[in-house]
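K.L.:
A single structure is presented below for examination.
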Amino acid sequence: MHSAAQEEGCHIFNDFGCGFQAPTTELFFPAPWVEFGLPGTSGITKYLLVLIVATLVSMAFWYFTTRNPKVVPTRAQSVAELFVAFVRDQITRNTMGKAGDKYIPLMVTLFIFIFTMNVMGLIPGLQLPVTSNLAFPAVLALFIYLLWNAVGIRRHGVGAHFKARMVPAGVPGYLLPVVVPIEAISNFVIRPFTHAVRLFAVMFAGHLLLAVFAAAGFYMFNPMSPMGPVLGGVSVLYSGIALFGFLVFTVFELFIMAVQAYVFVLLASVYIGEAMEGAH
Amino acid sequence: MNDRPGTGEAPKSPEADGMTLFSYLLAGPLVFGGAGWLADWLLGLSTVFLPIGVLLGMAGAIYLIVVPYVRS
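Taken in order, these protein sequences are the chains called A and B.
Read in order, the letters of the first sequence correspond to residues 23 to 302 in our numbering.
Read in order, the letters of the second sequence correspond to residues 2 to 73 in our numbering.
Right, here's the structure in full:
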């Protein structure tokens, strides 16, 4: 986590008058290592590296836990089975019933992949959650959007699928002109948008919060203060408080990362389940 | 909304319901507020149909949220 404060060696209780500079959203726009010069592209940045690491880690997880499956599971295998059972019982069975069992592989993979991308924000040296860039959640949400539409169209046909998603059942005819546009925009425009933005915004804000705590802890650490040893001691105390906050929020952030991965998969599963169900 | 295949009356999760309410409340005022703004612009008026549209959209959204609960 780099910040302006770190680069300038700027600390509290100094005698050359430099204040705290909070980390900015520059954190999320790393300088590209390779630029293609094409409009709309950002070149090869740290995001791509962290994405590759996250992909390899989640692939390695499945490789090492399931390469030699046994009826009585080994420790590693039972961890993988725990994830599968969790996704099946808590997510797909609740939203799609038994018919949703064929989506378990997709949902488990999605869960592990998103969680790994989120956790990259806490790995020292990388410290950048891939999902804090809107492009990555947006692609995943777009994929789910195309999938649930395809599922609905295949199962019910084009007309019935779109009717089920636009015309709510049990609404008197004279209210349909009001209700249908709302339902349509809500399902086909706002839903995929919020699906992506929710994950992105939470990871973005959480990472920025951690960066502020880290930068504040660094800024307030000045035991050699030119203003005397007392203020030097106070600065160490302040820094300790910021560090404690940083640690507490790191644990909290880890929890949030898991919850956001869960919610993304849950919503994906609800959308596919509704499309399978057709008219409601 | 309650009878998902195979699960009987399994309730949807609060997170998913929350997102549905949120997108209704966003979509309602957006659609009819947008239509009202367009009507104002076409008729050369200033903010006559826009507030009406926003209110209508909000009412529609609340109706869509309340109805499934009243029915069940």
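Note that beta-carbon positions come from the ideal geometry of N, C-alpha and C, so glycine has one too.
Name the chain B residues whose beta carbon is nearer than 7 Å to that of residue 190(A)?
P.N.:
65
K.L.:
Please check the pair residue 154(A) and residue 50(A), which I expect to be a contact at CB under 8 Å, by giving their CB distance rounded to whole angstroms.
P.N.:
6 Å
K.L.:
At a CB distance below 7 Å, what residues from the region 16-40 of chain B approach chain A? Give them in sequence order.
P.N.:
So the list reads 16, 17, 20, 23, 24, 25, 27, 28, 29, 31 and 32, given in the order they occur along the chain.
K.L.:
If contact means a Cβ-Cβ distance below 7 Å, which residues of the region 202-236 of chain A contact chain B?
P.N.:
203, 204, 205, 207, 208, 212, 213 and 216
K.L.:
Who are residue 113(A)'s beta bridge partners in DSSP?
P.N.:
In DSSP, residue 113(A) forms no bridge with anything.
K.L.:
So, residue 88(A) versus residue 102(A), is the Cβ gap smaller than 8 Å?
P.N.:
yes
K.L.:
Just grab the DSSP bridge partners of residue 56(A) for me.
P.N.:
66(A)
K.L.:
From the DSSP output, in three-state form, read off residue 155(A) for me.
P.N.:
coil
K.L.:
Tell me whether the beta-carbon of residue 221(A) lies closer than 8 Å to the beta-carbon of residue 282(A).
P.N.:
yes
K.L.:
Use the C-beta contact count for residue 5(B): other C-beta atoms within 10 angstroms, 16 or more gives buried, fewer gives exposed.
P.N.:
Note that residue 5(B) scores 41 on pLDDT, short of 50, meaning its location in the model is unreliable; the coordinates nonetheless yield the value given after this. With a 10 Å radius around the Cβ and a threshold of 16 neighbouring Cβ atoms, residue 5(B) comes out buried.
K.L.:
Would you decide whether residue 125(A) is buried or exposed? Buried here means 16 or more other CB atoms lie within 10 Å of its CB.
P.N.:
buried
K.L.:
What are the boundary residues of the alpha helix (DSSP H) that residue 283(A) is part of?
P.N.:
251-299
K.L.:
Please name the residue, chosen from 69(A), 184(A), 243(A) and 94(A), that lies closest to residue 299(A) on a Cα-to-Cα basis.
P.N.:
184(A)
K.L.:
What residues in its chain sit with their C-beta under 7 Å from that of residue 121(A), if we drop five residues either side in the sequence?
P.N.:
298
K.L.:
According to DSSP, simplified to helix, strand and coil, what is residue 245(A)?
P.N.:
coil
K.L.:
Taking C-alpha atoms, which residue in 22(B), 58(B) and 26(B) lies nearest to residue 36(B)?
P.N.:
In terms of Cα proximity to residue 36(B), the closest of 22(B), 58(B) and 26(B) is 58(B).
K.L.:
Rounded to a whole number of angstroms, what is the C-alpha to C-alpha distance between residue 310(A) and residue 143(A)?
P.N.:
Nothing about residue 310(A) can be read from this structure; chain A reaches only from 23 to 302.
K.L.:
Leaving out the 5 sequence neighbours to the left and right, which residues in its chain are closer than 6 Å to residue 136(A) when beta-carbon positions are compared?
P.N.:
283 and 286
K.L.:
Run the CB neighbour count on residue 241(A), radius 10 Å, all protein chains shown included, and call it buried at 16 or more, exposed below.
P.N.:
Around the beta carbon of residue 241(A), 16 or more other beta carbons lie within 10 angstroms, which makes this residue buried.
K.L.:
In terms of alpha-carbon separation, which member of 68(B), 51(B) and 43(B) lies closest to residue 30(B)?
P.N.:
51(B)
K.L.:
Quick check on residue 89(A): does DSSP put it in helix, strand or coil?
P.N.:
coil
K.L.:
Going by beta carbon distance, what residues of the same chain come within less than 6 Å of residue 186(A), once the five residues before and after it are set aside?
P.N.:
300 and 301
K.L.:
Would you report the Cα separation of residue 22(B) and residue 215(A), rounded to the nearest angstrom?
P.N.:
Straight-line Cα distance between these residues: approximately 14 Å.
K.L.:
Is there a Cβ from chain B that is less than 8 Å from the Cβ of residue 288(A)?
P.N.:
Closer than 8 Å to some Cβ of chain B, the Cβ of residue 288(A) qualifies, so yes.
K.L.:
Roughly how many whole angstroms lie between the Cα atoms of residue 181(A) and residue 213(A)?
P.N.:
20 Å
K.L.:
Counting only beta-carbon atoms, is residue 68(B) nearer than 8 Å to chain A?
P.N.:
Yes, contact with chain A.
K.L.:
What do you get for residue 55(B), buried or exposed, if any count of 16 or more other CB atoms within 10 angstroms of its CB means buried?
P.N.:
Residue 55(B) should be labelled buried.
K.L.:
Buried or exposed: residue 42(B), going by 16 or more other Cβ atoms within 10 Å of its Cβ?
P.N.:
Classification of residue 42(B): exposed, given that the 10 Å Cβ count is below 16.
K.L.:
If you compare alpha carbons, which of 267(A), 70(A) and 253(A) is closest to residue 157(A)?
P.N.:
Among 267(A), 70(A) and 253(A), the Cα nearest to that of residue 157(A) is on 70(A).
K.L.:
Over the uninterrupted alpha helix (DSSP H) stretch that includes residue 303(A), give me the two end residues.
P.N.:
Residue 303(A) is absent from the structure shown; chain A starts at 23 and stops at 302.
K.L.:
Comparing the C-beta of residue 109(A) with each C-beta of chain B, is any distance below 8 Å?
P.N.:
no
K.L.:
Pick helix, strand or coil for residue 99(A), following the three-state DSSP scheme.
P.N.:
helix
K.L.:
Starting from residue 207(A), follow the alpha helix (DSSP H) in both directions and report where the run begins and ends.
P.N.:
198-207
K.L.:
Checking contacts by CB at 8 Å: is residue 45(B) closer than that to chain A?
P.N.:
Interface annotation, residue 45(B): not in contact with chain A, CB-CB separation never under 8 Å.
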